[in-house]
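Protein chains in written order, with our numbering: chain F, 53 to 421; chain U, 53 to 421.
Below: one structure, written as structure tokens.
Number of protein chains: 2
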Amino acid sequence: MLLTFRVGGKQVPQRKSGHVTLLDIARACGYSVSTVSIVLSEAPLSQNVAASTREQIRAMASQLGYHPDAYARSLRRRRSQTIGVLAFDLSDPFCLPIMRGIQSEMQRGGYLPMLMDAQTHRKLFDSYLKMVLERRAEAVIVIASWIFEEANLLADMEKNNVPIVIVGRDLTSRGIPSIAVDNEEGGALAMRHLLELGHRDIAVVRGPVEMFDSEPRWNGARHVAAQMGITIDSQLIFQLPDLVGPDSGFEGGASLAKAMLATGRKFSAVLAFDDLTALGVVRGLSESGLRVPQDCTVVGFDDVLPASVATPGISTIRQPLAEMGSIAAQWVLKAIESGQSAPANPPEVHWAQPQLVIRGSSAPLHGTE
Amino acid sequence: MLLTFRVGGKQVPQRKSGHVTLLDIARACGYSVSTVSIVLSEAPLSQNVAASTREQIRAMASQLGYHPDAYARSLRRRRSQTIGVLAFDLSDPFCLPIMRGIQSEMQRGGYLPMLMDAQTHRKLFDSYLKMVLERRAEAVIVIASWIFEEANLLADMEKNNVPIVIVGRDLTSRGIPSIAVDNEEGGALAMRHLLELGHRDIAVVRGPVEMFDSEPRWNGARHVAAQMGITIDSQLIFQLPDLVGPDSGFEGGASLAKAMLATGRKFSAVLAFDDLTALGVVRGLSESGLRVPQDCTVVGFDDVLPASVATPGISTIRQPLAEMGSIAAQWVLKAIESGQSAPANPPEVHWAQPQLVIRGSSAPLHGTE
DNA sequence: AGTGTTGATTAAAACGTTTGAACATCTTGG
DNA sequence: CCAAGATGTTCAAACGTTTTAATCAACACT
């Protein structure tokens, strides 16, 4: 199996697999595979191995460029030290900070997060979920996917004892532990901000119907308005179309801004579903000759990168994304540790507290004119 | 090893590993592991298996929620069907489209890209590179990392016959096949654009010294200016500080914009190192009361999302990122197929052609005033 | 009855690890 | 001189697959 032949007078090991194995090292320095394994994996037994032997084996390993085969090791140890992270659309700037939160938590646990990007495609999502199962991820974190058709895949996760957590959406109704922002509170924060600035005529862009976040955000906003005795002109309530492309939020915002103006109704502020939409609104207003914030205040939701680097910066409701990711990671690690495949009944839910971030896109009514 | 006990009068298999295996299925329907394997993996031999048997096995597999163990399979087949994708900083919007290009190419090859994000940390980068090696990725694509200290890890890749390709940087000097944008041409395009708009007094923000892209971009721009007989005021040439945080481009651009104004020199356009820097410049100018593009034109480089959704949109030099990713993927797939671990000597390099994208941030000199 | 042929299934080895048990070889004390 | 530890090393089985070669039954043809 290990052929050796001479090249330039020197013995060169030639492997089929192309990878250096324990056997290669064992042969090269005259010990058994067991000993080599014990030394290199720093098993407890390695204390009984002569220091000189240890030295020799280590030296040879690094000389040959040995790296243990995670497949063989995982097979034997029955632990993959891997958790799957399945993002529905990684190009959504929303995902990154969550991912970072997950990652930092995983590192200390010695786990490798396998990140997969479904690119908004249901089929891809399913096929990745399958791969995650096949690669024996010990748990799965799903980021903000609003599809979950493949109930049998979920059932398969259960059959195979793989704990799962979703972040960015409340799916406790389906029995999945969830971490999500308190959208209602977020919507309320945004509306309160506008009202405090003195705005009374407020246009609203709601999210697409299929987006689970849309409803509660609007509810939160509406209640605050109602409490203050303000009514929102129903002619000024718009809704993003169901998403098609990745930047449909931006496009939608831009065209709805024009639609707002076309109604002829008066408004001094726009409450947008999310940051991209808000940026779209700014664009739309700008193309119609209106300036933000002088002529109209705009606020978004999420606090993603483009919102902070635009000028004016977009006032927004920040989600503590990294923290949410980190909590998700802690949950799955705990689930793995405790060996509990099934979530608590009812499954846990964590509501992250949103936070108002004031930037250049908001101004008091008549303040800067 | 497979214990069974009764629950509610029904036989329930109870596995240690928590995962359904071929053996479970074999027992459950009275065939051997071999047969089950042959059927479920759709090996050529499966044609000889009685149709009824196939049916039965498949049914049982899906009922139990079986998914083949990728570890065991890869161990046996000696193929992981995985390639490692190592991003130096995934939060750079630059990475995503590249990743998408890679992904779409990988899918058809049936490969899984394992995406890892080094978060700009050298140590993380190395540790992920090691993991990639351990997980027996059949090849590695590195995205735009400007560190490559760990020469011994690279040497290990060679020892283990793992082909590697880098995208976003020319590292052929280190013997690594590379895919990068033609920065010189890009710089030239940007400068030509400004000159065609009539600008003559142009401020420049160069990238940090450690950024390999910086020099050629500036060279391309400089040559074009020289050809047209224009000299750039050396007082108006600035340089971003070495990066510390992720948005140092933005911060740097903003503060340098103020530095430009502080020189008292006249300028009507700014050529920024990249899009985030350009956005920073816009912010800086705006805070000093200047409007873009009426008072000053700004162009960036890369064409990342924030540049397109800001208002005004940032004129920029687009890199064909998805295409670059796709080429990288094709290269590694080819390398895997041909079994050539070592790259050609000299290693191949692909120069992607940049493209000017004109947006609202550029205006002809005196055009809109 | 012997010889193929075909069709359906399986036994067994291998992939590269890890690990509990076993095996030598030395000390040491009785 | 043997029992009883230490000390250092190895055997062999196992993890869940895939795959080659083998088995076995049934059936057709000389």
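All C-beta atoms in this analysis are idealised placements derived from N, C-alpha and C, irrespective of residue type, glycine included.
Note that the structure is predicted; figures quoted are calculated from it, not measured.
Can you tell me whether DSSP reads Asp178 (chain U) as helix, strand or coil?
-> Asp178 (chain U) falls in the helix class under three-state DSSP.
Are the C-beta of Met53 (chain F) and some C-beta of chain U separated by less than 8 Å?
-> Reliability of the predicted coordinates at Met53 (chain F) is poor, the pLDDT of 32 falling under 50, and the value obtained from them is presented with this limitation in mind. No, because no Cβ of chain U sits closer than 8 Å to the Cβ of Met53 (chain F).
CB of Phe359 (chain F) within 8 Å of CB of Thr349 (chain F), strictly | In the sequence on display, residue 359 (chain F) carries Ala and not Phe. Not closer than 8 Å, so no.
Write down the C-beta distance between Val351 (chain U) and Ala242 (chain U) rounded to the nearest angstrom, noting that I regard them as a contact closer than 8 Å.
-> Confirmed, Cβ separation roughly 5 Å.
Who are the Cβ neighbours of His418 (chain U) in its own chain at under 8 Å, not counting the five residues just before and after it?
-> Closer than 8 Å at the Cβ level, and outside the excluded window around His418 (chain U), lie Gly250.
Name the DSSP bridge partner or partners of Phe290 (chain F)?
-> Beta-bridge pairing links Phe290 (chain F) to F:Val257.
If we cut at 8 Å on Cβ distances, does Phe290 (chain U) have a partner in chain F?
-> So, not an interface residue.
Return the first residue and the last residue of the alpha helix (DSSP H) that His275 (chain F) is part of.
-> Unbroken alpha helix (DSSP H) run through His275 (chain F): 266-279.
Under the three-state DSSP convention, the category Trp383 (chain F) falls into = Looking at Trp383 (chain F) - three-state DSSP - the assignment turns out to be helix.
Nearest residue (CA-CA) to Gly70 (chain U), options F:Leu328, F:Glu210, F:Asp253, F:Asp222 = Closest option to Gly70 (chain U), Cα to Cα, is F:Glu210.
Just to confirm, are Pro395 (chain F) and Ile150 (chain F) a CB contact at a threshold of 8 Å?
-> No, the pair does not count as a contact, with Cβ atoms beyond the cut-off.
Neighbourhood of Ile231 (chain U) by C-beta, 6 Å cutoff - its chain only, sequence neighbours within 5 removed | For Ile231 (chain U), where only same-chain residues beyond five positions count, the Cβ hits under 6 Å are Val219, Met376, Ile379, Ala380, His402.
For Met263 (chain U), which of helix, strand or coil comes out of DSSP?
-> Here Met263 (chain U) sits in coil by DSSP.
Using DSSP with H/G/I as helix, E/B as strand and the rest coil, what is Val184 (chain U)?
-> Val184 (chain U) falls in the helix class under three-state DSSP.
List the residues of chain F whose Cβ lies closer than 9 Å to the Cβ of Met312 (chain U), in chain order.
-> Here the premise fails: no neighbours, minimum Cβ distance about 16 Å.
Would you check if there are 3 or more beta carbon pairs closer than 8 Å linking the region 180-197 of chain U to the region 137-145 of chain U?
-> Look at the beta carbons and you see the region 180-197 of chain U touching the region 137-145 of chain U: at least three pairs across the two are nearer than 8 Å.
Which bits of chain U does Pro358 (chain F) rub up against, with CB to CB less than 8 Å?
-> The answer, in chain order, is Leu357, Pro358, Val361, Ala362.
At a Cβ cut of 8 Å, what residues of the region 177-193 of chain F count as close to chain U, listed as they run along the chain?
-> From the region 177-193 of chain F, only Lys182, Met183, Leu185, Glu186, Arg187, Arg188 have a Cβ closer than 8 Å to chain U.
For His245 (chain F), three-class secondary structure by DSSP = DSSP places His245 (chain F) in helix when its eight states are reduced to three.
Quick one: is Pro96 (chain F) buried, meaning 16 or more other Cβ sit within 10 Å of its Cβ, or exposed?
-> Taking all protein chains shown into account, Pro96 (chain F) has fewer than 16 neighbouring C-beta atoms within 10 Å of its C-beta and is therefore exposed.
Ile109 (chain U), enclosing alpha helix (DSSP H) - first and last residue | Taken as a continuous stretch (DSSP letters only), the alpha helix (DSSP H) holding Ile109 (chain U) covers 103-116.
What residues from chain U crowd round Arg226 (chain F), counting only those whose CB sits closer than 8 Å?
-> Neighbours of Arg226 (chain F) on chain U: none; closest Cβ ~17 Å, over 8 Å.
Members of the region 211-226 of chain U that neighbour chain F once the beta carbon cut-off is set at 7 Å | Hits within the stretch, in order: Lys211, Asn212, Asn213.
Of all the CB atoms in chain F, is at least one closer than 8 Å to the CB of Gln99 (chain U)?
-> In terms of beta-carbon proximity, Gln99 (chain U) stays away from the interface with chain F, with every pair separated by 8 Å or more.
Given 8 Å, three or more beta-carbon pairs between the region 177-189 of chain F and the region 77-96 of chain U | No: the two stretches stay apart, fewer than three of their Cβ pairs being nearer than 8 Å.
Straight-line Cα distance separating Gly332 (chain U) from Arg110 (chain F) | Between Arg110 (chain F) and Gly332 (chain U), the C-alpha separation is close to 51 Å.
For Leu323 (chain U) versus Leu408 (chain U), is the C-beta spacing smaller than 8 Å?
-> In this structure, Leu323 (chain U) lies away from Leu408 (chain U), with their beta-carbon atoms at least 8 Å apart.
At a CB-CB cut-off below 7 Å, which residues of chain U make contact with Met166 (chain F)?
-> The contacting residues are Met166.
CB contact check: Ala124 (chain F) to chain U, cutoff 8 Å = Yes, Ala124 (chain F) lies at the interface with chain U (some Cβ there is under 8 Å from its Cβ).
8 Å Cβ cut-off: residues of chain F touching Ser132 (chain U) | Those within 8 Å of Ser132 (chain U) in chain F are Tyr123.
List the residues of chain U that Val322 (chain F) touches, going by C-beta distances under 9 Å, in chain order.
-> Here the premise fails: no neighbours, minimum Cβ distance about 14 Å.
Limits of the unbroken alpha helix (DSSP H) element including Gln155 (chain U) = Residues 147-161.
Chain U within 8 Å of His71 (chain F), Cβ atoms only | By this cut-off, His71 (chain F) is an interface position.
For Leu408 (chain U), three-class secondary structure by DSSP = Assigned with DSSP and collapsed to three states, Leu408 (chain U) falls in strand.
Go through its chain and collect everything with a Cβ distance to Thr172 (chain F)'s Cβ below 6 Å, but skip five positions before and after it.
-> Excluding sequence neighbours, Thr172 (chain F) sits near Asp141.
Backbone secondary structure at Leu97 (chain F) - three-state DSSP | Collapsing the DSSP output to three states places Leu97 (chain F) in a helix.
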